[in-house]
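Residue numbers (our numbering): 272 to 739.
Here it is in structure tokens:
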């Protein structure tokens, strides 16, 4: 059996390489043709409709920030970036031609908040920033500084205050909040919204007997995750009872854990931008697709908008709209949800009050709508993507293909998805970020040596918010 697996791997590898070369070439040609069509139809006066405004983006290491850099830059905005010294001097968005100026902080935001707040205020003052948009995990530190920034400058900070974000980011508090909402208002006519059974195990607040009862209620099928975590990096799916007991009740355990009922169903991710309780743009895409760790748990590398089930799309939008109105929310608002078709039930499991990959789905065709969501406070109708949009992180998809596509069925699926998806980083009019991204392959190793991080924390080591 082992010999058979080795022979199969040896036979598949050259086939993978050949398929890879053909698909990369076809994907590139397809994208270039799309850009040519777009250019021929574009209006020459796009940038003349707005006065020169200045936007400050944080989290430039992430692809979604690069998406926003190009979004604002192509419309004539003066785009500024702020990053911590953790990513000095190289990070993805810095190399975009649409960046007017890059500002480096002198400290890590999660280590010296007072200095972070002071320097951010100074940057906003000196550069007369109109709009501040956090895109990654630094959103919590920006939210904490929001009141000071808006009181001492003329800048608008596009997020809620830290107190509001904590209730959404904390995985246990989020479930409690959803449980408090009126079910009659929360549920759509056809589909029910119901949070999974959830408990938090922290500071000896739960006895072993209480955990045993929870275990029985969930039929021994649970999911463990830290109360504060990101990118599903520490999630444990359906652990054994003894594993849970050893992990959760050991004396050395200093991590607050959430134990949650395991739900069978499909994982969906929503992306929305809201202003003053009104959802401005919204989309839903499949989650757990081509995750870097080779499982169905984690951040997806390929994402396509959900249009095959209108009733589910409608129910998820209704849920997002209900939460947005209840909180009078302003900012980016994203949810992870599991849908069980048999019971027609949506289970909200997590909330990310920041940018996620869903923002890429607007980029090629709906950039005007996405921009308006950030800058226009008028009470317009919610724009929902109703066409099939598919995007991907192409270089990471190639690594996934080489590592995990070990049978012909997976190869066939990968080929279809890769060919039909546009890369989120490649832009023929802004090529430098595409070239710079290859540095990201060795960057985690460099940070592991310099800062003693792990490979998994190398991306957010300096901006992780864990309830401080």
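Cβ atoms here follow ideal geometry from the backbone N, Cα and C, with glycine treated the same way.
Exposure label - residue i; buried when at least 16 CB within 10 Å
i, result
"residue 483", "exposed"
"residue 478", "exposed"
"residue 684", "exposed"
"residue 584", "buried"
"residue 455", "exposed"
"residue 704", "buried"
"residue 471", "buried"
"residue 736", "buried"
"residue 725", "exposed"
"residue 738", "exposed"
"residue 716", "exposed"
"residue 692", "buried"
"residue 680", "exposed"
"residue 718", "buried"
"residue 588", "buried"
"residue 720", "exposed"
"residue 441", "buried"
"residue 315", "Only weak support is given to the placement of residue 315: the predicted model assigns it a pLDDT of 38, under 50, and the value that follows is read from those uncertain coordinates. It counts as exposed."
"residue 358", "buried"
"residue 485", "buried"
"residue 672", "buried"
"residue 654", "buried"
"residue 723", "exposed"
"residue 281", "Because the pLDDT at residue 281 is just 45, under 50, the model does not fix this residue reliably, and the value given afterwards should be weighed accordingly. So residue 281 ends up on the exposed side."
Reference residue i; option with closest CA among the options
i, options, result
"residue 700", "357, 640 and 366", "366"
"residue 659", "644, 648, 635 and 677", "635"
"residue 492", "505, 655, 578 and 511", "511"
"residue 540", "480, 604 and 507", "604"
"residue 633", "695, 650, 583 and 671", "695"
"residue 499", "333, 357 and 622", "622"
"residue 646", "428, 417 and 397", "428"
"residue 536", "606, 514 and 611", "611"
"residue 570", "654, 664, 655 and 702", "664"
"residue 395", "422, 370 and 382", "422"
"residue 384", "453, 370, 712 and 417", "417"
"residue 674", "563, 606 and 650", "563"
"residue 666", "402, 545, 657 and 707", "707"
"residue 712", "672, 729 and 649", "729"
"residue 459", "616, 357, 515 and 393", "616"
"residue 652", "513, 393 and 545", "545"
"residue 656", "722, 662, 554 and 672", "554"
"residue 595", "686, 436 and 525", "436"
"residue 710", "360, 644, 324 and 344", "360"
"residue 520", "481, 686 and 344", "481"
Beta carbon of residue i nearer than 8 Å to that of residue j
i, j, result
"residue 542", "residue 464", "no"
"residue 391", "residue 373", "no"
"residue 443", "residue 529", "yes"
"residue 327", "residue 400", "yes"
"residue 561", "residue 575", "no"
"residue 593", "residue 335", "no"
"residue 405", "residue 625", "yes"
"residue 527", "residue 586", "no"
"residue 731", "residue 602", "no"
"residue 552", "residue 640", "yes"
"residue 375", "residue 331", "no"
"residue 533", "residue 509", "yes"
"residue 638", "residue 342", "yes"
"residue 397", "residue 631", "no"
"residue 573", "residue 688", "yes"
"residue 714", "residue 355", "no"
"residue 346", "residue 642", "yes"
"residue 609", "residue 531", "no"
"residue 676", "residue 682", "yes"
"residue 450", "residue 466", "yes"
"residue 607", "residue 452", "no"
"residue 340", "residue 370", "yes"
"residue 650", "residue 549", "yes"
Contact belief for residue i with residue j at Cβ below 8 Å, rounded distance in angstroms
i, j, result
"residue 547", "residue 476", "Their Cβ separation, rounded to whole angstroms, is 37 Å, which puts residue 547 and residue 476 out of contact at 8 Å."
"residue 582", "residue 462", "6 Å"
"residue 408", "residue 501", "6 Å"
"residue 388", "residue 419", "6 Å"
"residue 446", "residue 469", "4 Å"
"residue 773", "residue 558", "Only positions 272 to 739 of the chain appear in this structure, which leaves residue 773 out of reach."
Whether or not the stretch 341-352 and the stretch 405-414 are in contact is what I'm after, with contact meaning three or more pairs of Cβ atoms, one per stretch, closer than 8 Å; do they touch?
no
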